[in-house]
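The next block holds one structure in the form of structure tokens; read it before the comments.
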Amino acid sequence: MATFIIASGATAMGSQVTLFFTFWGLNLLRRSNAVPVKKTIIERMFGWMMPRGAERTRLSQMNMLGMGTRMIKGIMKAKQVPSLSELIDNARQNGVRLVACAMSMDLMGIKREELIDGVEEGGVAMYLDQAEAAGVNLFI
Amino acid sequence: MATFIIASGATAMGSQVTLFFTFWGLNLLRRSNAVPVKKTIIERMFGWMMPRGAERTRLSQMNMLGMGTRMIKGIMKAKQVPSLSELIDNARQNGVRLVACAMSMDLMGIKREELIDGVEEGGVAMYLDQAEAAGVNLFI
Amino acid sequence: MATFIIASGATAMGSQVTLFFTFWGLNLLRRSNAVPVKKTIIERMFGWMMPRGAERTRLSQMNMLGMGTRMIKGIMKAKQVPSLSELIDNARQNGVRLVACAMSMDLMGIKREELIDGVEEGGVAMYLDQAEAAGVNLFI
């Protein structure tokens with residue numbers, strides 16, 4: 001949530017924003033539907049255990065079998081705060097670059113076709129180039 | 001803890017420090033006593049589930065029903081390390097700006113009167129302005 | 001993992017890297033074998049509860065009694081990604097400075113002899129000096 005709220009604020013203020021997604025963060029960029037791809041058994045298990053996309057992501061430290069997340073989603077709707085998937089959509093439309101860490105994809109067995117449209121692949125060198133050039137650089 | 005230790009180090013070295021508190025971090029700025037304010041039922045539940053102020057905040061990943069936090073507090077006292085609430089007090093006295101994220105306050109139903117004295121309200125634009133200008137900028 | 005992968009990328013690109021380890025992060029720098037040092041009972045309990053070195057560190061949010069960590073280690077081996085302890089060794093060999101937070105060592109009762117070779121001790125002033133001078137600075 002914080003990532004996308006800061007990113008959308010920054011684009012609104014005229015900055016260029018690139019977001020890198022590594023390890024568990026990658027799950028945010030997964031399509032919500034299963035995509036038929038070749039996987040090993042381990043990769044398949046891994047994919048099945050992790051949340052597929054923003055809609056299925058826990059939003060609360062106090063999860064309590066999903067109650068915390070459901071409460072927060074309800075409050076966000078009532079207060080007219082955009083949902084996590086709306087924030088991701090807005091970010092893409094406002095020109096935020098979404099980069100998936102290639103090594104994380106490999107480790108977690110996530111294939112390109114399983115990610116939402118408009119996501120690039122990149123590595124640590126690409127991240128460091130951007131971070132060096134950036135005015136603000138956060139690890140969230 | 002790390003936030004306030006780095007902040008107090010930076011003020012001691014002559015830097016100006018602004019701390020932004022979002023989501024769960026906001027709980028650190030709550031008064032330890034209940035403040036009579038108008039809230040919806042959901043807001044009241046939310047407020048009741050979250051720790052009120054620094055004294056009630058977990059300090060350990062190994063919480064074990066409060067034992068981890070109690071142990072760490074005991075050790076900090078023995079080693080004469082200031083407690084989390086002393087660190088917050090010191091920060092305020094040394095001119096550290098404490099800014100509560102207005103959107104988080106709205107989402108979590110936390111009212112201005114429930115926060116400790118000297119806290120400002122601000123948004124992502126204020127954060128980004130400060131971060132752009134700062135020499136060191138951390139997301140903790 | 002992210003810390004050492006970014007650090008090794010940065011050294012490969014010709015940057016100088018200093019890593020500061022505070023609180024739980026300090027456990028990564030502990031030797032895997034017990035070292036005979038004088039400790040209070042509390043310090044001894046603390047040391048016994050925390051993982052001793054990179055090999056015993058949880059690598060997964062989904063720990064499931066160690067299964068998550070074991071699965072990730074297996075996948076990393078299969079994909080020929082260096083293990084956490086290999087990453088730490090590589091970092092030292094490539095000139096990455098490893099600095100243990102002196103205050104954390106004091107609080108957690110960790111003695112110099114219990115840390116792996118080549119680790120320096122330092123405080124918040126040392127960290128801030130380096131962070132001010134650095135192009136990229138992350139709290140991970």
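The listed protein sequences correspond, in order, to chains C, V and Z.
Under our numbering, the first residue of the first sequence carries the number 1, and numbering increases by one thereafter.
Under our numbering, the first residue of the second sequence carries the number 1, and numbering increases by one thereafter.
Under our numbering, the first residue of the third sequence carries the number 1, and numbering increases by one thereafter.
A virtual CB, placed ideally from N, CA and C, is assigned to each residue, including glycine.
Gln80(V) is classed as exposed because its beta carbon has fewer than 16 other beta carbons within 10 Å across all chains shown. In this structure Thr11(Z) touches Val96(Z) by the C-beta definition: roughly 6 Å separates them, less than 8 Å. Residue environment analysis places Gln130(Z) among the buried positions, since at least 16 neighbouring C-beta atoms fall within 10 angstroms of its C-beta. When beta bridges are read from the DSSP output, Phe21(V) appears opposite Ala100(V). DSSP places Val136(V) outside any alpha helix (DSSP H), giving it a letter other than H or E. Partner residues in the beta bridge of Glu121(Z), as assigned by DSSP, are Ala100(Z). Cβ-Cβ distances below 6 Å link Glu121(C) to Ala100, Ala102 in the same chain, with the five nearest sequence neighbours on each side left out; the list follows chain order. Residue pairing for Leu115(Z): DSSP places it in a beta bridge opposite Arg30(Z). Residue range 2 to 12 is occupied by the alpha helix (DSSP H) that includes Thr3(Z). Contact annotation: Ser8(C) and Asn90(C) have beta-carbon atoms nearer than 7 Å. Note that the segment 45 to 54 of chain C does not touch the segment 70 to 78 of chain C; fewer than 3 beta-carbon pairs, one per stretch, sit closer than 8 Å. Sequence-distant Cβ neighbours of Trp24(C) in its own chain, meaning closer than 8 Å and more than five residues away, are Met50.
Taken through DSSP and simplified to helix, strand or coil, Ile110(C) comes out as coil. Leu26(Z) has its alpha-carbon roughly 13 Å from the corresponding atom of Glu113(Z).
DSSP places Asn94(Z) outside any alpha helix (DSSP H), giving it a letter other than H or E. Look at Phe21(V): its C-beta is not under 7 Å from any C-beta on chain C. Restricting attention to Thr40(V), Ala134(V), Asn33(V), Gly135(V), the CA atom closest to the CA of Gly109(V) is found in Thr40(V). With contacts defined as CB atoms closer than 7 Å, Ile88(V) and Val124(Z) fail to qualify as a contacting pair.
Here DSSP, grouped into helix, strand and coil, assigns Met50(V) to coil.
Comparing alpha carbon positions, the residue from Leu115(V), Ile42(V), Asn94(V) closest to Gln16(V) is Asn94(V). DSSP, read as helix, strand or coil, puts Thr40(V) in coil.
Interface residue (Cβ-Cβ distance to chain C less than 7 Å): Lys79(Z) is classified as such. Within chain V, no residue has its CB atom less than 8 Å from the CB of Ile6(Z), the nearest being about 15 Å off.
A check of alpha carbon separations from Gly74(Z) across Ser85(C), Glu43(C), Arg92(C), Ala78(C) identifies Glu43(C) as the nearest.
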